[in-house]
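Numbering (UniProt numbering), first residue to last: 1 to 478.
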Amino acid sequence: MIVCGTEPQIEFNQLPLVQSDDRSEETEPTTPERLRQRLQMVGESSSSSSISSSDDESSIIISNNINEDDTTSSNSNDDNNNTITTTSIKTTTTEASDDSSHHQQRFAVLSFEQATKLDKVMEEVMPIHGRGNFPTLEVRLKDLVRVVRGKLEGEQSVRVRDIRLNGGAASHVLATPEGSSSITYNDLDLIFAVDLSNSRNFDKIRTAVLDSLLDFLPEGVVKKRISTCSLKEAYVHKMVKVTNGDRWSLISLSNNRGRNIELKFVDTMRRQFEFSVDSFQIVLDSLLLFYGCSQVTMSDNFYPTVVAESVYGDFQEALYHLHKKLIATRNPEEIRGGGLLKYCNLLVRDYKPSRPEKIKHLERYMCSRFFIDFGDIHQQRSKLESYLANHFMGEEQNKYEYLLVLHRVVDESTVCLMGHERRQSLALIEELACRTYYFEHQAKDIFQPHPHIVFGGGFFFTPYAAPYPCQCSWMPCT
1 MIVCGTEPQI
11 EFNQLPLVQS
21 DDRSEETEPT
31 TPERLRQRLQ
41 MVGESSSSSS
51 ISSSDDESSI
61 IISNNINEDD
71 TTSSNSNDDN
81 NNTITTTSIK
91 TTTTEASDDS
101 SHHQQRFAVL
111 SFEQATKLDK
121 VMEEVMPIHG
131 RGNFPTLEVR
141 LKDLVRVVRG
151 KLEGEQSVRV
161 RDIRLNGGAA
171 SHVLATPEGS
181 SSITYNDLDL
191 IFAVDLSNSR
201 NFDKIRTAVL
211 DSLLDFLPEG
221 VVKKRISTCS
231 LKEAYVHKMV
241 KVTNGDRWSL
251 ISLSNNRGRN
261 IELKFVDTMR
271 RQFEFSVDSF
281 QIVLDSLLLF
291 YGCSQVTMSD
301 NFYPTVVAES
311 VYGDFQEALY
321 HLHKKLIATR
331 NPEEIRGGGL
341 LKYCNLLVRD
351 YKPSRPEKIK
361 HLERYMCSRF
371 FIDFGDIHQQ
381 RSKLESYLAN
391 HFMGEEQNKY
401 EYLLVLHRVV
411 DESTVCLMGH
421 ERRQSLALIE
431 ELACRTYYFE
441 HQAKDIFQPH
451 PHIVFGGGFF
461 FTPYAAPYPC
471 QCSWMPCT
């Protein structure tokens, strides 16, 4: 630390680089008086860290124990033995540049082809099926987003920071044309960034979403007689509210084909992804502004700048995993219990571990977390049946293979259960697999005269077929 007369004390490790633009100073030597003047200028401007040398590009770092009496100049043409300690500050600048580059690696700008695919997703008409006598709502995603945002900010005074497309739909948009056909998505996940520090905002959000559904009812429907409670029972598949640590809520709108529209309102969420391939989020604000301002269709010379982010951390690495169908994650201990089900779903769809030597360690983490979050056998049954219904609509063969993969992973990697609990969970998966296999073949047997699998009394029966014709002459085997 240097004390120069009555000047304020300045910590050198807090001083920034000061580069001079005046080339005439290069011929002047660095004297104690000149050094003091520079320090005074830096202190008055609330700057911090080091002063650049006039002769070369290396910066001058002065140790903290130097005082005014032993401060000497450094000059390439100086014959004095008194020198000042010079050190490169490349370490400091490298750390700052690494943080900046790491932040930039999370983001990427969509190409015209990707923006066109995003536009098709937003323009697609999605049915929201009603229960009972309630009609089906035909909704375009961009219209739903616009109406919900208007209700939140206009009627409920809840500010929306940004809106993002998340999950499988975002991965579908970002995939290359060669691999996009194999990347399918079920749910349409939308994230609204809002403030939920006030608990009343949860009720405002629910009211805004349900009021938005009224705007999409067909003409001729008497809207005044329909209450928000009736709309909730008719069109909402599920509602989730989280206030413990994280603060977010979810409203899922029903679709009989399993393609639910999920509106997620997030204030804070520590873990926003499970694996790198589902870590993409596409910011929709610029596209929504384009819809509202421009009447011209998109072209390769005129389309909005849309930014995508990978909350996995490295956008290009996550995109490589998506194209090559690789399974990778970070901090697996933070993945919630549903991560095990998602992992087995990826395996069924021909994804491979990016690091096979580490996969058993990851499987043990996910199995342990699943049985911590769903410790009761009834909770496990409910979660499995719900996941199968939502993610394997019309895919009976994949559903059966999925249960076989899940059984293998649980059998090989579960280390947190007692023996009887482990057998109980495995028996549950076997039961669901047998039931799936039975119904799969029942559907095929509609076109066959003789069903070869029969279910009754909790058991599955199949007729015995001899491998070769019977040769018994004195008594037929049948």
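Yeah, the Cβ is synthetic: ideal placement off N, Cα and C, and Gly gets one too.
Excluding five sequence positions before and after Leu214, the CB atoms of its chain that fall closer than 8 Å to its own CB belong to Lys223, Ile226, Leu231, given in chain order. Per DSSP, Arg140 lies in no alpha helix (DSSP H) segment; the continuous beta strand (DSSP E) that holds it begins and ends at 137 to 140.
For Phe134, no pairing in a beta bridge is given by DSSP.
Residue state for Ile429 is assigned as helix, using DSSP reduced to three classes. By the C-beta criterion, the stretch 236 to 246 is judged not to be in contact with the stretch 282 to 290, since fewer than 3 inter-stretch pairs fall below 8 Å. With a cutoff of 8 Å on beta-carbon distance, Ile163 and Leu284 are scored as near each other. Our two residues, Pro135 and Asp211, have alpha carbons roughly 16 Å apart in a direct line. Ala389 sits exposed, since fewer than 16 C-beta atoms from the chains shown fall within 10 Å of its C-beta. Just so you know, the alpha carbons of Arg349 and Asp203 end up roughly 39 Å apart. With respect to the C-alpha of Phe374, the residue from Glu421, His391, Val405 having the closest C-alpha is Glu421. The beta carbon of Ser279 sits closer than 6 Å to the beta carbons of Phe273, Ser310, Val311, Tyr312, Ala318 from its chain, once the five residues preceding and following it are set aside; these are given in chain order. Using a 10 angstroms sphere on the CB of Arg161, the tally of other CB atoms stays under 16, which defines it as exposed. Between Asp195 and Asn166, the C-beta spacing is not below 8 Å. If you check the CB distance, His407 and Leu426 come in under 8 Å. By the Cβ-count criterion, Pro304 is buried, with 16 or more other Cβ atoms from all chains shown falling within 10 Å of its own Cβ. Using a Cβ distance threshold of 8 Å, Ile282 and Val173 count as a contacting pair. Asn244: not part of any alpha helix (DSSP H); DSSP gives it neither H nor E. With contact defined as three or more Cβ pairs closer than 8 Å, the stretch 323 to 335 and the stretch 390 to 407 are not in contact. Here Ala115 is near Met298, since their CB atoms are less than 8 Å apart. Uninterrupted alpha helix (DSSP H) stretches at least 4 residues long and entirely within the stretch 252 to 332 occur at 285 to 293, 315 to 324, given in chain order. For Met366, the uninterrupted alpha helix (DSSP H) run begins and ends at 359 to 373, by DSSP.
Taking each of Gly220, Gly168, Glu262 in turn and checking the Cα distance to Arg206, the smallest one comes out for Glu262. Here Ser276 is near His321, since their CB atoms are less than 8 Å apart. In this structure, Leu340 places its C-beta atom within 8 Å of the C-beta atom of Phe370. Between Val109 and Phe216, the beta carbon gap of about 32 Å keeps them out of contact (Cβ cut-off 8 Å). Distance from Ala234 to Gly132 at the Cβ level is roughly 7 Å; contact confirmed, criterion being Cβ atoms closer than 8 Å. One alpha carbon belongs to Gln397, the other to Cys434, and they sit about 12 Å apart. Phe192 is bridged by DSSP to Ile163, Phe265. Of the candidates Ser199, Met126, Ala193, the residue whose Cα lies closest to the Cα of Asn186 is Met126. For Ala115, the enclosing alpha helix (DSSP H) covers residues 112 to 123. Annotated three-state conformation of Ile128 is strand, per DSSP.
Ranking Asn260, Ile191, Val209 by CA distance to the CA of Met269 puts Ile191 first. Per DSSP, the continuous beta strand (DSSP E) segment holding Phe107 begins and ends at 107 to 109. Cβ-Cβ distances below 7 Å link Tyr437 to Tyr400 in the same chain, with the five nearest sequence neighbours on each side left out; the list follows chain order. Of Gly130, Ser354, Lys120, Gly168, the smallest CA-CA separation from Asn256 is found for Gly130.
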